[in-house]
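Residue numbers (our numbering): 35 to 145.
Backbone N, C-alpha and C define an ideal beta-carbon position, used for all residues, glycine too.
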């Protein structure tokens with residue numbers, strides 16, 4: 035949500051007295067991971083590039099899927115678990131860069 039209008043949730047969480055350890059960890063990971071490099075390395079193998087007019091659901095963005103995968107690994111979550119955690123956790127939603135007013139959490143079946 036970089037450079038976008040803040041939601042009521044962002045304003046509410048901005049006035050907290052303390053930041054959780056999870057949020058601190060995710061913010062530091064977001065800063066140190068070279069997202070463009072990682073996406074560039076994975077992109078040749080990502081199925082979205084190989085669709086070429088095929089039918090079916092539109093694939094989710096590679097970086098979105100990579101972020102969900104990392105949340106699964108870091109917090110030992112199943113596919114359904116990471117989907118639920120993103121809905122429940124402001125820190126995870128912020129790490130994903132999702133705004134519920136305009137975007138949806140990728141369904142567990144897409145992982």
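Collapsing the DSSP output to three states places residue 80 in coil. For residue 62, the closest alpha carbon among the candidates 97, 103, 95, 125 is that of 125.
Under a 10 Å Cβ-count criterion, residue 116 is classified as buried, with 16 or more other Cβ atoms of the shown protein chains found around its own Cβ. The beta carbon of residue 137 sits closer than 6 Å to no other beta carbon from its chain once the five residues preceding and following it are set aside.
Beta-carbon to beta-carbon, residue 64 and residue 129 are separated by about 6 Å, close enough to satisfy the 8 Å threshold. Of 91, 93, 100, 105, the smallest CA-CA separation from residue 71 is found for 100.
In the DSSP annotation of this structure, the continuous segment of the alpha helix (DSSP H) that includes residue 106 starts and ends at 96-109.
C-alpha of residue 106 to C-alpha of residue 92: approximately 22 Å in a straight line.
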